[in-house]
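Engineer: I'd like to ask you about the structure that follows.
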Amino acid sequence: MTIQDMVRVLNARVLIGEEKLDMPVYTACCSDLMSDVLAFVDEKTVLITGLTNPHVVRTSEMLDLKCLVFVRGKVPSEEILDSAEEQGLVVITTKATAFTACGLLYAEGLRGVPVPLEWDMEGKK
Amino acid sequence: MTELIRSSYPVETADYASAGSASADIKRKLKQLGITGDVLRRVSVASYEVELNLVIHSLGGELTLSVFPEYVQLVSADRGPGIPDLSLAMREGWSTANDEARSLGFGAGMGLPNMKRNADDFDIQSEVGVGTTITMKFKLA
Ligand SMILES: Nc1ncnc2c1ncn2[C@@H]1O[C@H](COP(=O)(O)OP(=O)(O)OP(=O)(O)O)[C@@H](O)[C@H]1O
Ligand SMILES: [Mg+2]
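Read top to bottom, the protein sequences are chains A and B. Counting with my numbering, you get residues 1 to 125 for the letters of the first sequence. Counting with my numbering, you get residues 126 to 266 for the letters of the second sequence.
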């Protein structure tokens, strides 16, 4: 799917990057824990989050993410949007909760980033 | 070996607002040198993690980038408080981060293991009451 498709599926509003909506997206991750995003995400993906502080954009910058989706209708400050724009990020906001946003996108075929797990289901390394 | 670049960035304790600005500048400099892709991403992530640790856990310190023809080096050196138990600190999930750091999305105890995973060479030295020094190397090509 493309970012445009995500906008449609999530009934989202585009805050930054209107001209880049035809970019393809293959995977997404959803987290409010930037520590985890930094530790597990290693491909150019989409971050779905409810956190709107400047570190969400900084984390995206370090990882070269391409799109940020804010849930529950959250809109970050002008300052944060400006730095997102400088980096060439696409930023959209949806009224859906994180759970619902993920479900809607998954149903349309989007999948999570592959996460290497060192343990099996019994918790053994 | 010839050093191509050396830049130092002072990092202040609890300066949450500008935390990450040194790493953003480091990333810019490396890009200008034509360093891209996987190495650039690994250096950027490790640099951001170590810079955040200076802000969140240290009494202040300095992050230094050096680029040599064969590798990129990051050194973080701080003025304390030092880490009492290094093997505990290196464990995934162990954190002493305060509420402010946690409210920003950090403090999961993932940073040090993540640096170690991303760097080709990782060394940490720490003494309580003196400080912590972390040296990371990333091979080029
Ligand atoms: N420069 C430092 N000075 C003093 N203590 C440190 C320093 N760096 C790390 N520590 C200690 O080591 C612990 C683990 O660090 P680590 O980066 O792995 O996790 P964190 O910073 O707590 O959380 P995260 O990195 O996931 O946001 C910290 O909680 C802190 O107690
Ligand atoms: Mg950390």
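Every residue, glycine too, gets a C-beta built ideally from N, C-alpha and C.
(1) Any heavy atom of ligand 1 inside 8 Å of the beta-carbon of M23/A?
(2) Using DSSP's beta-bridge definition, name the partner residues of M261/B.
(3) Using a Cβ cut-off of 9 Å, pull out every chain B residue sitting near N53/A, in sequence order please.
(4) Is any beta-carbon of chain A found at less than 9 Å from that of M261/B?
(5) Could you tell me which residues DSSP puts in a beta bridge with C102/A?
(6) Out of S143/B, Y134/B, S133/B and V197/B, state which residue places its alpha-carbon closest to the alpha-carbon of R167/B.
(7) Would you mind stating whether S251/B and T260/B have Cβ atoms separated by less than 9 Å?
(8) Mind listing the chain B neighbours of L33/A? Cutoff is C-beta to C-beta under 7 Å, in chain order.
(9) Is it the case that the CB of L177/B approaches a heavy atom of ligand 1 more closely than 8 Å?
(10) Where does Y134/B sit, in a helix, a strand or coil, going by DSSP?
(11) Would you say I92/A touches ligand 2, meaning its beta carbon is less than 8 Å from a heavy atom?
(12) With distances taken between CB atoms, is the gap from V25/A to T2/A smaller than 9 Å?
(13) Quick one: any contact between the segment 227-238 of chain B and the segment 171-191 of chain B, if contact means 3 or more CB pairs under 8 Å?
(14) Hey, is the segment 153-162 of chain B in contact with the segment 64-76 of chain A, meaning 3+ C-beta pairs nearer than 8 Å?
(15) Since P24/A sits in a beta bridge, which residues does DSSP pair it with?
(16) Rounded to whole angstroms, what's the CA-CA distance from E128/B to G186/B? Just pull it up for me.
(17) Scan the segment 24-66 of chain A and note each continuous beta strand (DSSP E) run of 3 residues or more that stays entirely inside, going in chain order.
(18) Using a Cβ cut-off of 8 Å, pull out every chain B residue sitting near R72/A, in sequence order please.
(19) Are the beta-carbon atoms belonging to V41/A and L15/A less than 9 Å from one another?
(20) Compare the beta carbon distance of S83/A and P54/A with 9 Å and say whether it is the shorter of the two.
(21) Please classify K243/B as buried or exposed, where buried requires at least 16 neighbouring CB atoms within 10 angstroms.
(22) For L237/B, is the beta carbon positioned less than 8 Å from some heavy atom of ligand 2?
(23) Please classify N11/A: is it buried, with 16 or more other beta-carbons within 10 angstroms of its beta-carbon, or exposed?
(24) Please confirm whether N223/B and I181/B have their CB atoms less than 9 Å apart.
(25) Between which two residues does the alpha helix (DSSP H) holding I181/B run?
(26) Using only the heavy atoms of ligand 1, determine whether one of them is closer than 8 Å to the beta carbon of A139/B.
(27) Do Q87/A and V57/A have their CB atoms nearer than 9 Å?
(28) Excluding the 5 residues preceding and the 5 following G17/A in the sequence, name in chain order all residues of the same chain whose CB lies nearer than 7 Å to its CB.
Structural biologist: Working from what's here:
(1) Answer for M23/A: no, Cβ out of range of ligand 1.
(2) Looking at the DSSP assignment, M261/B forms a beta bridge with L199/B and F247/B.
(3) At a beta-carbon threshold of 9 Å, the residues of chain B lying near N53/A are Y141, S228, L229 and G230, ordered along the chain.
(4) Chain A, which has no Cβ nearer than 9 Å to the Cβ of M261/B, makes this no.
(5) Beta-bridge analysis with DSSP links C102/A to no other residue.
(6) The shortest Cα separation from R167/B among S143/B, Y134/B, S133/B and V197/B belongs to V197/B.
(7) The answer is no: Cβ separation not under 9 Å.
(8) Near L33/A (Cβ distances below 7 Å), the residues of chain B are G230 and A233.
(9) Answer for L177/B: yes, Cβ within range of ligand 1.
(10) Note: Y134/B maps to strand in three-state DSSP.
(11) Exclusion of I92/A from the 8 Å shell around ligand 2 follows from its C-beta lying no nearer than that to any non-hydrogen atom of the ligand.
(12) Contact flag set, yes.
(13) Short answer: they touch.
(14) Result no; under three Cβ-Cβ pairs closer than 8 Å.
(15) T2/A, per the DSSP bridge assignment.
(16) One alpha carbon belongs to E128/B, the other to G186/B, and they sit about 22 Å apart.
(17) Scanning the segment 24-66 of chain A for uninterrupted beta strand (DSSP E) segments of 3 residues or longer gives 27-30 and 46-49, listed from N- to C-terminal end.
(18) Within 8 Å Cβ-Cβ: nothing; R72/A doesn't reach chain B, min ~16 Å.
(19) Going by C-beta atoms, V41/A is not nearer than 9 Å to L15/A.
(20) Less than 9 Å separates the beta-carbon of S83/A from that of P54/A.
(21) Checking the sequence shown, residue 243/B turns out to be Asn, not Lys. Buried is the call here.
(22) In this structure, L237/B has its beta carbon less than 8 Å from a heavy atom of ligand 2.
(23) Per the 10 Å Cβ criterion, exposed.
(24) Yes, the Cβ-Cβ distance between N223/B and I181/B is below 9 Å.
(25) Where I181/B is concerned, the enclosing alpha helix (DSSP H) stretches over G162 to H182.
(26) No.
(27) It is a contact, given that the beta carbons lie within the stated cut-off.
(28) For G17/A, same chain residues with a beta-carbon under 7 Å away, outside a window of 5 residues either side, are L89, V90 and V91 in chain order.
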